[in-house]
Amino acid sequence: MRNVFYLFDTNKRNQLNAAGQDYTPAYIRALLKYMGISGTACAPEALGMLGKDDVLLIGAESIDAVPDGPGAVIMLGTRIGAPLTPAAKRPHICGWYPVKESNSKTTVLPPLFAPVEEPQAGTTEVLTTGYTGEVRPEGKPKEPLLVKRGDNVWHFLFDLPASVWYSGDGDPLGAPVFEFPIGRTPDTRPVPADYDTTIPYNDLLVGELERILDKLEVPSLYKLPPAADGGVPDLALHISGDDDHASAELDLRAAQVARAIGLPYHINVMSAGGKFVIDREQLAKLRELGTEVALHSNFLEYPYTAEGQKQMADIFTEELGLAPVTNVNHCLVQGGPSAERMRWLAFSGIVADNGKFCERDLTDINAFDLMGFGFGTSFPRYTCDDAAHGNEMLTAFEIPLTYYEPRCSGEEGSGEKITKYIDAAAAHGRIAQFFIHPHYLHPDDPRSELSTAALRLAKKHWTDKGYTPLLTTTNRLALFWQSRARAVLTSKAPGLVVETACPLLVNIPGPARSVLLDGEKVKLTEKTVAGRKLRLLEVKEGRHIITNGKGKKAKGK
Numbered sequence: 034m035r036n037v038f039y040l041f042d043t044n045k046r047n048q049l050n051a052a053g054q055d056y057t058p059a060y061i062r063a064l065l066k067y068m069g070i071s072g073t074a075c076a077p078e079a080l081g082m083l084g085k086d087d088v089l090l091i092g093a094e095s096i097d098a099v100p101d102g103p104g105a106v107i108m109l110g111t112r113i114g115a116p117l118t119p120a121a122k123r124p125h126i127c128g129w130y131p132v133k134e135s136n137s138k139t140t141v142l143p144p145l146f147a148p149v150e151e152p153q154a155g156t157t158e159v160l161t162t163g164y165t166g167e168v169r170p171e172g173k174p175k176e177p178l179l180v181k182r183g184d185n186v187w188h189f190l191f192d193l194p195a196s197v198w199y200s201g202d203g204d205p206l207g208a209p210v211f212e213f214p215i216g217r218t219p220d221t222r223p224v225p226a227d228y229d230t231t232i233p234y235n236d237l238l239v240g241e242l243e244r245i246l247d248k249l250e251v252p253s254l255y256k257l258p259p260a261a262d263g264g265v266p267d268l269a270l271h272i273s274g275d276d277d278h279a280s281a282e283l284d285l286r287a288a289q290v291a292r293a294i295g296l297p298y299h300i301n302v303m304s305a306g307g308k309f310v311i312d313r314e315q316l317a318k319l320r321e322l323g324t325e326v327a328l329h330s331n332f333l334e335y336p337y338t339a340e341g342q343k344q345m346a347d348i349f350t351e352e353l354g355l356a357p358v359t360n361v362n363h364c365l366v367q368g369g370p371s372a373e374r375m376r377w378l379a380f381s382g383i384v385a386d387n388g389k390f391c392e393r394d395l396t397d398i399n400a401f402d403l404m405g406f407g408f409g410t411s412f413p414r415y416t417c418d419d420a421a422h423g424n425e426m427l428t429a430f431e432i433p434l435t436y437y438e439p440r441c442s443g444e445e446g447s448g449e450k451i452t453k454y455i456d457a458a459a460a461h462g463r464i465a466q467f468f469i470h471p472h473y474l475h476p477d478d479p480r481s482e483l484s485t486a487a488l489r490l491a492k493k494h495w496t497d498k499g500y501t502p503l504l505t506t507t508n509r510l511a512l513f514w515q516s517r518a519r520a521v522l523t524s525k526a527p528g529l530v531v532e533t534a535c536p537l538l539v540n541i542p543g544p545a546r547s548v549l550l551d552g553e554k555v556k557l558t559e560k561t562v563a564g565r566k567l568r569l570l571e572v573k574e575g576r577h578i579i580t581n582g583k584g585k586k587a588k589g590k
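Numbers 34 to 590, taken from the numbering used here, label the letters of the sequence shown in order.
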């Protein structure tokens, strides 16, 4: 097993930031958090210290030569002895990368949001060809996108970190769909209106990098929490909605309906005049019903500033006696760059935001049954701050909202979108979400039957298919992702050291079918997810050592 390092040139970062430009290799750290890989920044002067057991990632840097010290080098938009063509901060499609869907023979085309460069001298093999240009092409792919330069040197010919970063952030200057006093996250959609957003394009693109790291036997953390019995879930699901400061009775009845169906629920509560519709006693009743509560920020009442965000978070804590953990802005408001909004949330002590959504019905701002991954991912994502703030990785992150107000009428074909969504989540080990406002769960609302039928259909479908879903909540998911990002995996003799504050599933690449976990033999659970053959085991919170060799009798599946 190998350790991962990434080249980080502080002087280059400072020069670019001083000129108002991003240093896109800074986003490699966020990519590593997404992949569940512990990576260490390496200054240019320290490259000579890397050895054959190390993997080096290099971003959009202009270097004199490929370092020969590491055992493997993966270049992500690097140029050798040549200048760079930087990616545009406002996401703009520059190419298309063919990826075969793991559960079908279909080839899909994730868009690239960074310029594609020509292969350079020293290329030994072309691994992937695709397309350049903004318009989605037809015909045979011709342009090299991923090449090799020797046995253990891979070269992506575009700035992969920038492509994922900028498309994930979205376009802050996107044209508004509806007249609204402040911008909205749907307005920042980075892909064209005709793009099939049922495809989480950045998940597929980063999956190409993950498969290379698997070949190099780099250990990683699974993207889903372990099940209660330590097993590997097929998908995770959380269900949430915001109350728009309606009524305590509405919140409580919605919680009762979710509990009757057998599902946990999450409500973002909104204040008006410094008060919420629920008090601490009603909060306790909600929690007894399996419903958790977080913040619904209302920037139509409070100023769209860091201070306005913190004021709302402080009111939540003062009134309800707990930290908000997660947030959804009223009407999915975002009036500037994504990084600004996440910086304000971090300043306010909020862990994650769940208001990143870009599916839209051009005729209705409150449309129903909208599903898609317009920002490229089904998983939480960290982002980096702007050049004025040193491109530091922000501590608050985004949990994408991927299914808004699912509906099932009972008519033939109704609900097919829901079952396909669940099937794809299970095939790719995704995090799924149903966002349903409390008032659409209240039995007195005539539309509640459409919402509850959608939930019952989803539950019946995963039961009939034999899927094992992890039923969680938005807050629990946020706290898991935060702990996962802070966990450390270190390849150190005699094996792998894991340090974590929560239970995790660790992927141990290689041929082993069992390992020693703290001296006790444990079988690995083999699972193919999104085309990757994973070998997983659960570790509890604490410090653990994973090694090969003989030990006590194996336990587990």
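Idealized CB from N, CA, C, for every residue including glycine.
Looking at the C-beta of Pro527, does it have a partner C-beta in chain E at a distance below 8 Å?
This model lacks chain E altogether; it includes just one protein chain.
For Pro476 and His329, what's the separation of their Cα atoms in angstroms?
Here the alpha carbon of Pro476 sits roughly 23 Å from the alpha carbon of His329.
Within 10 angstroms of the Cβ of Pro223, are there 16 or more other Cβ atoms? Answer buried if so, exposed if not.
So Pro223 counts as buried.
Measure the C-alpha to C-alpha separation of Arg576 and Thr533 and round it to an integer number of angstroms.
7 Å
Please report the distance separating the alpha-carbon of Arg480 from that of Ile126.
39 Å
Hey, could you find the ends of the alpha helix (DSSP H) Asp497 is sitting in?
Asp497 -> alpha helix (DSSP H) spans Ser481 to Lys498.
Entirely within the stretch 184-213 and at least 3 residues each: give me those beta strand (DSSP E) ranges in chain order.
186-189
Length of the line joining the Cα atoms of Ile294 and Gly382
33 Å
Name the residue from Phe380, Ser411, Trp377 and His422 whose alpha carbon lies nearest to the alpha carbon of Cys391.
Ser411
If contacts are defined as beta-carbon pairs under 8 Å, then Leu190 and Tyr130 qualify, I think. What distance do you get, rounded to the angstrom?
At roughly 10 Å, the Cβ-Cβ gap does not stay under 8 Å, so Leu190 and Tyr130 are not in contact.
Touching by the beta-carbon criterion (3+ pairs, under 8 Å), the stretch 507-527 and the stretch 228-243
no
Element boundaries [alpha helix (DSSP H), containing Ser371]
According to the DSSP assignment, Ser371 belongs to the alpha helix (DSSP H) that extends over Ser371 to Phe380.
Could you tell me whether the Cβ atoms of Pro471 and Leu270 are closer together than 8 Å?
Note that the C-beta distance between Pro471 and Leu270 is not below 8 Å.
Cα-Cα separation, Lys173 to Met404:
Roughly 30 Å between the two C-alpha positions.
Rounded to the nearest angstrom, what separates Asp227 and Leu242 at their Cα positions?
One C-alpha to the other measures close to 27 Å.
Closest by C-alpha distance to Val366, when choosing among His278, Met108, Glu334 and Ile215:
With distances taken between Cα atoms, Val366 lies closest to Ile215.
When DSSP labels each residue in this structure, what does Cys75 get in the three-state scheme?
strand
Nearest to Gly388 by alpha carbon, out of Ala339, Ile455 and Gln466?
Gln466
Which of helix, strand or coil does DSSP assign to Asn399?
coil
Kindly identify the DSSP beta-bridge partner or partners of Asn301.
Asp275 and Ala327
Would you decide whether Val521 is buried or exposed? Buried here means 16 or more other CB atoms lie within 10 Å of its CB.
exposed
Of the choices Gly552, Leu557 and Ala563, whose alpha-carbon is the least far from that of Thr580?
Closest in C-alpha terms to Thr580, from the list Gly552, Leu557 and Ala563, comes Gly552.
Is it right to say Phe211 is buried, meaning 16 or more other beta carbons lie within 10 angstroms of its own, or is it exposed?
If you draw a 10 Å sphere on the C-beta of Phe211, you find fewer than 16 other C-beta atoms in it, and that means exposed.
Measure how close the beta-carbons of Ile91 and Thr111 come, nearest whole angstrom, since I'm counting them as under 8 Å.
5 Å
Alpha-carbon spacing of Gly369 relative to Met345, whole angstroms
19 Å
Taking Lys554 as the reference, give the member of Ala563, Val572, Ala385 and Arg565 with the closest Cα.
Val572
Which residue wins for smallest C-alpha separation from Gly155, given the options Asp347, Gly543, Arg182 and Glu176?
Arg182
Euclidean distance between Cα positions of Ala563 and Ala460
For Ala563 and Ala460, the distance between alpha carbons rounds to 6 Å.
Taking Cβ to Cβ, would you say Ala487 is nearer than 8 Å to Ile451?
Yes.
What are the partner residues of Asn360, as DSSP defines its beta bridges?
In the DSSP output, where bridge partners are listed per residue, Asn360 has Leu328 and Asp386.
What alpha helix (DSSP H) runs, 4 residues minimum, are completely inside the stretch 487-558?
507-519
Of the choices Lys318, Arg244 and Arg123, whose alpha-carbon is the least far from that of Leu567?
Arg244
Assign His299 to buried or exposed, taking buried as 16 or more other Cβ atoms, counted over all protein chains shown, within 10 Å of its Cβ.
buried
Within this structure, are the beta carbons of Asp42 and Pro77 separated by less than 8 Å?
yes
Thinking just about the alpha-carbon of each residue, which of Val302, Gly203 and Leu64 is nearest to the one in Ala279?
Relative to Ala279, the option among Val302, Gly203 and Leu64 whose CA is nearest is Val302.
Counting C-beta neighbours from all protein chains within 10 Å, is the total for Gln48 16 or more, i.e. buried, or is it exposed?
Under the 10 Å beta carbon count, Gln48 is surrounded by fewer than 16 other beta carbons and is classified as exposed.
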